[in-house]
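Report on the structure given below.
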Amino acid sequence: MKKLKRIIGGLCLCLFSVLPLTAYADEAGFVPLFDGESLDGWASARSKGDGDYGPYSVNKDEKAIHVYAGREDGSKQETDFLYADKDFSHYVLKLEYKWLDNRYAPRANYDRDAGLLFHIHGNLSKVWPLSLEMQIGESPADKPQGKKEKGRFHTGDLFVLGRNLRTETPVGAGSYSPDAKRRKGRGVPTNRGLENPKGQWNKMELWVHGSEKATFIFNDEVVLETFRFTQQDEQGNTSPLEKGRIGLQAEWAEILYRNIRIKELPTE
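For the sequence shown, the tail end lands on 332 under the working numbering, and the numbers increase by one without skipping.
Structural data, given as structure tokens:
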């Protein structure tokens with residue numbers, strides 16, 4: 065009997081090591097960050113006071129956060145970010161997003177663009193804040209980097225917002241490659257093209273382990289992992305970037321965010 069238990073235990077450990085992270089990310093232990101009815105617990109960088117959330121509002125039919133609701137297509141709009149009212153360090157965050165029709169000046173002709181920000185810190189009224197970003201965008205995965213109308217905005221790309229922030233990411237042939245050597249830097253594209261057609265919901269999942277690691281999961285597949293987040297102060301001293309706020313970008317494209325929930329993890 066003891067030998068049988070050892071065999072079963074070994075099989076369980078082996079199974080745990082090969083199954084994807086999403087196999088363990090069920091809903092047990094998750095708590096909502098958005099209740100589908102109000103923006104309580106959130107604030108906007110450009111807020112002009114209580115009850116002002118800039119371009120963010122609640123779409124009660126969709127039970128979603130609606131970005132740029134009612135704004136005329138092609139009109140000039142401001143960027144913004146909506147952020148949760150507490151810091152997080154070790155956690156799994158899950159949400160869904162869906163593109164709507166409208167785009168706004170000065171990027172009315174660009175690919176749609178938004179982003180999930182994490183480890184936000186520093187000046188919370190600055191657009192954009194010091195943070196790391198899991199990009200949200202409709203560009204195809206094989207579109208090269210470009211400027212202006214040719215710009216690439218692809219879901220799963222890594223952006224590092226802040227000249228003194230760094231991460232380490234495996235890069236091969238110019239994009240994320242899990243078996244490649246890690247490169248210290250500020251941004252890396254993914255080559256996985258998994259976004260659903262416009263008008264359909266997409267699933268995002270972000271696993272964050274303090275300053276050590278973040279895993280980007282998109283529509284149930286790992287698209288990028290990045291490691292060792294650091295920040296540098298004005299004196300040149302480097303320290304780990306351990307925690308920060310979570311935020312949702314408004315970046316000249318109409319979008320819905322819903323089912324935003326989080327499960328905090330024990331620290332290692």
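Quick reminder that beta carbons are idealized off the backbone N, C-alpha and C, glycines included.
Would TYR168 and ARG135 be called neighbours here (beta carbons separated by less than 8 Å)?
Yes. Within cutoff.
Does DSSP put GLU328 in a helix, a strand or coil?
strand
Going along the chain, which residues of its own chain have a beta-carbon closer than 7 Å to the beta-carbon of ALA128, five neighbours each way excluded?
LEU320, TYR321 and ARG322
Taking Cβ positions, are ARG325 and VAL95 nearer each other than 8 Å?
yes
Closest by CA to ARG227, which one among GLY138, THR302 and LEU97?
THR302
Under the three-state DSSP convention, the category TYR88 falls into
Note on TYR88: pLDDT 41, under 50, position unreliable in the model; the coordinate value appears next. Here TYR88 sits in helix by DSSP.
Span of the beta strand (DSSP E) around GLY311:
Unbroken beta strand (DSSP E) run through GLY311: 309–314.
In the DSSP assignment, find the unbroken beta strand (DSSP E) run with TRP271 in it and report its ends.
266–273
Measuring CB atoms only, is the segment 288–299 touching the segment 102–109, in the sense that at least three cross pairs come out at less than 8 Å?
no
Can you round the beta-carbon distance between ARG256 and ALA205 to whole angstroms, since I take them to be within the 8 Å contact cut?
About 6 Å separates the beta carbons of ARG256 and ALA205, which is inside the 8 Å limit, making them a contact pair.
Determine the extent of the beta strand (DSSP E) in which GLU285 is found, giving its start and end residues.
Element bounds for GLU285: 285–296.
When you compare only the Cα positions, how much space is there between ARG309 and LYS158?
For ARG309 and LYS158, the gap between their C-alpha atoms comes out near 15 Å.
DSSP beta-bridge partners of LEU320
DSSP lists HIS130 and LYS162 as partners of LEU320.
Collapsed DSSP secondary structure at LYS248 in the structure displayed
strand
CA-to-CA distance, LEU305 to TYR88, given in whole angstroms
Per-residue confidence for TYR88 stands at a pLDDT of 41, beneath the threshold of 50, marking its modelled position as unreliable; the derived number appears in the next sentence. Taking the straight line from one Cα to the other gives about 26 Å.
Short check: CB of SER108 to CB of LEU146, under 8 Å?
Yes, they are a contact pair.
Where does GLY201 land, buried or exposed, given buried means 16+ other C-beta within 10 angstroms?
Looking at its Cβ environment, which holds 16 or more other Cβ atoms inside 10 Å, GLY201 is buried.
Buried versus exposed, by CB contacts within 10 Å (16 or more), ALA314:
Flag for ALA314 reads buried.
Determine contact between the segment 205–220 and the segment 255–274, defined as no fewer than three beta-carbon pairs at a distance below 8 Å.
yes
ARG186 and LEU180 look like a contact to me (Cβ under 8 Å); what is the Cβ gap, rounded to whole Å?
The sequence given here places Gly at residue 186; Arg does not occur at that position. About 18 Å separates the two Cβ atoms, so there is no contact after all.
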